[in-house]
Amino acid sequence: MTRTEHCIGGRWLDGAGDRVLRIVDPATGEPVIELTVATTDEVDAAVRAAVTVSPAWAQTAPADRAAMVAAAAERVREAADELASLTTREMGRPQALAQGGVAAGASSMVQYAELGPLHRGRSLQGGWDAVDLMVHQPRGVVAVITPWNDPVAVPAGLLAAALVTGNTVVFKPSERTPLTGERLARAFVEELPAGVLNVVGGDGATGAALAARPEVDVIAHVGSTAAGRSIGAAAARTGAKVVLENGGNDPLLVDADVDPMWAAAQAALGGFINSGQLCTAVERVYVHQAVADEFLAALTKEAESHVMGPGGDPATTLGPLVDVRARADVHRQVQQAQEAGATVCAGGFVPEGPGSFYPATVLTDVRTDMAVMTQETFGPVVPVMVVGSFEEGLEAAATSAYGLAATVLTASMDHAQNAWRRLPVGTVKVNGVFGGAPGGSAQPRGASGEGFGYGPELLDELTVTKVVHLGRPEPGERS
Numbered sequence: 011m012t013r014t015e016h017c018i019g020g021r022w023l024d025g026a027g028d029r030v031l032r033i034v035d036p037a038t039g040e041p042v043i044e045l046t047v048a049t050t051d052e053v054d055a056a057v058r059a060a061v062t063v064s065p066a067w068a069q070t071a072p073a074d075r076a077a078m079v080a081a082a083a084e085r086v087r088e089a090a091d092e093l094a095s096l097t098t099r100e101m102g103r104p105q106a107l108a109q110g111g112v113a114a115g116a117s118s119m120v121q122y123a124e125l126g127p128l129h130r131g132r133s134l135q136g137g138w139d140a141v142d143l144m145v146h147q148p149r150g151v152v153a154v155i156t157p158w159n160d161p162v163a164v165p166a167g168l169l170a171a172a173l174v175t176g177n178t179v180v181f182k183p184s185e186r187t188p189l190t191g192e193r194l195a196r197a198f199v200e201e202l203p204a205g206v207l208n209v210v211g212g213d214g215a216t217g218a219a220l221a222a223r224p225e226v227d228v229i230a231h232v233g234s235t236a237a238g239r240s241i242g243a244a245a246a247r248t249g250a251k252v253v254l255e256n257g258g259n260d261p262l263l264v265d266a267d268v269d270p271m272w273a274a275a276q277a278a279l280g281g282f283i284n285s286g287q288l289c290t291a292v293e294r295v296y297v298h299q300a301v302a303d304e305f306l307a308a309l310t311k312e313a314e315s316h317v318m319g320p321g322g323d324p325a326t327t328l329g330p331l332v333d334v335r336a337r338a339d340v341h342r343q344v345q346q347a348q349e350a351g352a353t354v355c356a357g358g359f360v361p362e363g364p365g366s367f368y369p370a371t372v373l374t375d376v377r378t379d380m381a382v383m384t385q386e387t388f389g390p391v392v393p394v395m396v397v398g399s400f401e402e403g404l405e406a407a408a409t410s411a412y413g414l415a416a417t418v419l420t421a422s423m424d425h426a427q428n429a430w431r432r433l434p435v436g437t438v439k440v441n442g443v444f445g446g447a448p449g450g451s452a453q454p455r456g457a458s459g460e461g462f463g464y465g466p467e468l469l470d471e472l473t474v475t476k477v478v479h480l481g482r483p484e485p486g487e488r489s
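If you count by this note's numbering, then the sequence shown holds residues 11 to 489, one letter each, in order.
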């Protein structure tokens with residue numbers, strides 16, 4: 011069986027540890043690959059390699075760094091079919107979605123290759139004979155720790171942004187998608203000087219060992235809230251800066267004046283895409299009672315139309331969850347909601363047969379204190395609460411420990427303006443669960459993390475601003 015490798019100082023190596031994780035295809039349960047978990051010594055060696063070459067990489071011309079990242083993006087595009095197939099094998103994502111993730115990753119790399127050399131500082135005129143410069147400099151070593159649910163697009167952007175700004179990197183892909191992460195990293199490593207990008211495979215313990223290294227200057231993490239909080243605690247001890255995008259419990263508000271069929275299609279898209287395994291998936295819906303019956307009927311029909319199957323089957327519209335443990339967690343929330351009085355309109359059962367499939371599920375008669383309404387379910391489950399007014403729905407939507415994103419479907423400009431101002435989240439989408447102009451960036455709040463994790467502002471997060479005062483020397487007598 012294929013085993014992943016670590017990359018330390020430009021050399022791809024078999025792991026020296028004796029702890030091995032076996033990754034299975036979530037559609038069949040059959041083994042796909044074995045991951046040799048990096049030892050503490052290997053993590054230390056990867057960090058030291060990044061530290062060693064950091065000064066030289068920081069002094070490399072920004073245009074040269076950008077050219078290398080752009081070349082790596084081309085390698086990713088050339089390997090698109092392979093990367094998409096690996097994603098499907100390791101975490102079950104349907105091929106079309108997997109291809110989209112690879113394309114998005116390559117586009118992010120190109121974006122940062124273009125933005126890197128344009129990352130400007132500022133100049134301040136303090137007087138006629140002096141000037142102050144605010145200059146961006148690399149922070150040093152960046153640890154990039156990424157999830158399995160979008161294993162190309164998410165790390166591609168973080169790696170590219172860290173590299174074009176002159177940082178060296180130690181990358182730990184998710185233990186659920188190690189081969190996808192390794193293949194992506196190889197596209198970068200082939201274009202970079204040795205040691206600029208290092209790769210260590212492993213699970214949470216590996217990530218914890220990496221985050222604890224005092225030489226790490228920035229930790230960029232996308233993943234669960236629990237892992238993000240652990241990383242934040244480690245960074246507080248070492249002094250590292252953190253950029254965190256963690257869990258979400260994103261609400262969707264459906265106003266009385268919208269087409270309920272269209273609104274149901276939006277809810278289904280946001281709730282069931284990638285089998286609900288997105289941080290920005292629709293996790294809870296508040297629908298106005300005036301359109302609730304039609305909306306629920308249409309949403310139920312949308313859920314029942316999904317075809318479960320392996321990601322490699324073109325007919326599949328709903329792939330498996332990442333593993334049986336994730337499925338058990340999702341089903342537990344659904345069962346708890348049922349026991350507390352919720353009604354299942356569609357789905358809500360564990361299918362027979364191999365794999366970790368779970369059907370598109372719609373719940374109603376839910377309460378605000380149920381886990382499906384307060385926690386991140388991370389599965390194809392859409393709980394729907396009927397509300398008597400837009401204001402009632404807005405108040406409920408704004409009550410959450412998470413603060414990643416929210417969606418509002420309304421024909422009222424007054425309601426839209428009121429909602430985006432009051433919802434305590436990083437991103438508010440009006441009349442569309444997905445979309446947005448290129449270059450947009452947001453800061454999550456609360457349990458959803460902190461810092462700009464994408465967009466041009468990510469370059470600011472990964473650099474430090476130094477102020478330089480340039481004055482004119484006073485003339486003096488020569489001896």
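All residues carry an ideal CB built from backbone N, CA and C; glycine is no exception.
These numbers were taken from a predicted model, which means no experiment stands behind them.
Item to check | SER133 - partner residues in DSSP beta bridges | outcome: One-based indexing of the sequence shown puts residue 133 at position 123. SER133 is bridged by DSSP to LEU143.
Item to check | CA-to-CA distance, ASP269 to GLN345, given in whole angstroms | outcome: Position 335 of the sequence shown, counted from the start, is the residue given in the question as residue 345. Position 259 of the sequence shown, counted from the start, is the residue given in the question as residue 269. Cα to Cα, the separation comes out at about 31 Å.
Checklist entry - Relative to the ligand NAD, is the shortest distance from any of its heavy atoms to the C-beta of ASP51 smaller than 7 Å? => result What this structure holds is no ligand at all, so the ligand NAD is not there to describe.
Checklist entry - So, do the segment 447-465 and the segment 314-324 have three or more beta carbon pairs nearer to each other than 8 Å? => result Contact annotation: the segment 447-465 does not touch the segment 314-324, with fewer than three C-beta pairs closer than 8 Å.
Item to check | Under the three-state DSSP convention, the category PRO148 falls into | outcome: Position 138 of the sequence shown, counting from 1, holds the residue named residue 148. Here PRO148 sits in strand by DSSP.
Next on the checklist: Looking at the secondary structure, which residues open and close the alpha helix (DSSP H) in which ASN428 lies?
Outcome noted: Position 418 of the sequence shown, counted from the start, is the residue given in the question as residue 428. In the DSSP assignment, ASN428 falls within the alpha helix (DSSP H) that extends over 423-432.
Checklist entry - If you draw a straight line from the alpha carbon of THR371 to that of ALA307, how long is it in whole angstroms? => result One-based indexing of the sequence shown puts residue 371 at position 361. One-based indexing of the sequence shown puts residue 307 at position 297. Between THR371 and ALA307, the C-alpha separation is close to 13 Å.
Item to check | THR374 burial status per 10 Å Cβ neighbour count (16 or more: buried) | outcome: Taking the first residue of the sequence shown as 1, we reach residue 374 at position 364. Taking all protein chains shown into account, THR374 has 16 or more neighbouring C-beta atoms within 10 Å of its C-beta and is therefore buried.
Checklist entry - Would you call ARG75 buried or exposed, if buried means 16 or more other Cβ atoms sit within 10 Å of its Cβ? => result What you label residue 75 is simply residue 65 of the sequence shown in a count that begins at 1. Answer is buried; the Cβ neighbour count reaches 16.
Next on the checklist: Would you say CYS355 lies against chain B (beta-carbon separation less than 8 Å)?
Outcome noted: The structure shown contains no chain B, having only a single protein chain.
Checklist entry - Leaving out five residues before and five after VAL209 in sequence, what residues of the same chain have Cβ atoms less than 7 Å from its Cβ? => result Mapped onto the sequence shown, residue 209 falls at position 199. Cβ within range, chain order: HIS16, CYS17, PHE181, GLU192, ALA195.
Item to check | Selected residue, minimal CA-CA separation from VAL394, among ALA278, LEU45, VAL120, ALA336 | outcome: To locate residue 394, count along the sequence shown from 1; it is residue 384. If we check each option's Cα against that of VAL394, ALA278 comes out closest.
Item to check | Reduced DSSP category for TYR122 - H, G, I as helix; E, B as strand; rest coil | outcome: Residue mapping note: residue 122 aligns to position 112 of the sequence shown, counting from 1. The answer is helix: DSSP assigns TYR122 an H, G or I state.
Next on the checklist: From the DSSP secondary-structure annotation, give me the bridge partner or partners of PRO157.
Outcome noted: What you label residue 157 is simply residue 147 of the sequence shown in a count that begins at 1. None; PRO157 has no bridge partner.
Next on the checklist: Let me make sure I understand the geometry here. Which of VAL397, LEU480, ARG337, PRO448 has the alpha-carbon closest to that of ALA37?
Outcome noted: Here residue 37 refers to the residue found at position 27 of the sequence shown. Selected option, being the one with the closest Cα: ARG337.
Checklist entry - What three-state label does DSSP hand PHE367 in the structure shown? => result Along the sequence shown, one-based indexing puts residue 367 at 357. Of the three classes helix, strand and coil, the one that applies to PHE367 here is coil, per DSSP.
Next on the checklist: Please list the terminal residues of the continuous alpha helix (DSSP H) segment that includes GLU402.
Outcome noted: Within the sequence shown, residue 402 is the residue found at index 392, counting from 1. Judged by DSSP secondary structure, GLU402 falls within the alpha helix (DSSP H) whose first and last residues are 400-407.
Next on the checklist: What does the alpha-carbon distance come out to for the pair SER133 and MET144?
Outcome noted: Here residue 133 is taken as the residue at index 123 of the sequence shown, counted from 1. Here residue 144 is taken as the residue at index 134 of the sequence shown, counted from 1. In this structure, the straight-line span from the alpha carbon of SER133 to that of MET144 is close to 6 Å.
Checklist entry - Under the three-state reduction of DSSP, which class applies to GLY188: helix, strand or coil? => result In the sequence shown, residue 188 corresponds to position 178, counting from 1. Looking at the sequence itself, residue 188 is Pro, so the reference to Gly does not match. It is helical.
Checklist entry - Where does the unbroken alpha helix (DSSP H) through MET101 begin, and where does it stop? => result Position 91 of the sequence shown, counted from the first residue, corresponds to residue 101. Residues 90-101.
Checklist entry - Anyone know if the C-beta pair for VAL340 and THR387 falls short of 8 Å? => result In the sequence shown, the residue the question calls residue 340 occupies position 330. In the sequence shown, the residue the question calls residue 387 occupies position 377. One thing to note: VAL340 has its Cβ within 8 Å of the Cβ of THR387.
Item to check | Proximal residues to THR353 (C-beta, below 6 Å), its chain only, five neighbours per side dropped | outcome: Reading the sequence shown from its first residue, position 343 is the one you call residue 353. For THR353, where only same-chain residues beyond five positions count, the Cβ hits under 6 Å are THR374, ASP375.
Item to check | Minimum C-alpha distance to GLY481 - residue among VAL79, ALA140, GLU84 | outcome: As a first step, residue 481 is located in the sequence shown; it is residue number 471 there, counting from the start. The option with the nearest alpha carbon to GLY481 is ALA140.
Checklist entry - Residue range of the alpha helix (DSSP H) that ARG335 falls in? => result As a first step, residue 335 must be located in the sequence shown, where it is residue number 325. Per DSSP, ARG335 belongs to the alpha helix (DSSP H) from 334-349.
Checklist entry - What are the boundary residues of the beta strand (DSSP E) that PHE305 is part of? => result Locating residue 305 in the sequence shown gives position 295, where the first residue counts as 1. Unbroken run through PHE305 is the alpha helix (DSSP H), 302-314; no beta strand (DSSP E).
Checklist entry - LEU331 and VAL292: beta carbons closer than 8 Å? => result Position 321 of the sequence shown holds residue 331. Position 282 of the sequence shown holds residue 292. Contact flag unset, no.
Checklist entry - With DSSP run on the structure shown, which of helix, strand or coil describes ALA108? => result For the purposes of this step, residue 108 is identified with residue 98 of the sequence shown, where counting begins at 1. Under the three-state reduction of DSSP, ALA108 is assigned to helix.
Next on the checklist: Taking the beta carbon of GLY398 as the centre, do at least 16 other beta carbons fall within 10 Å, making it buried, or is it exposed?
Outcome noted: For the purposes of this step, residue 398 is taken as residue 388 along the sequence shown, with counting starting at 1. Exposed.
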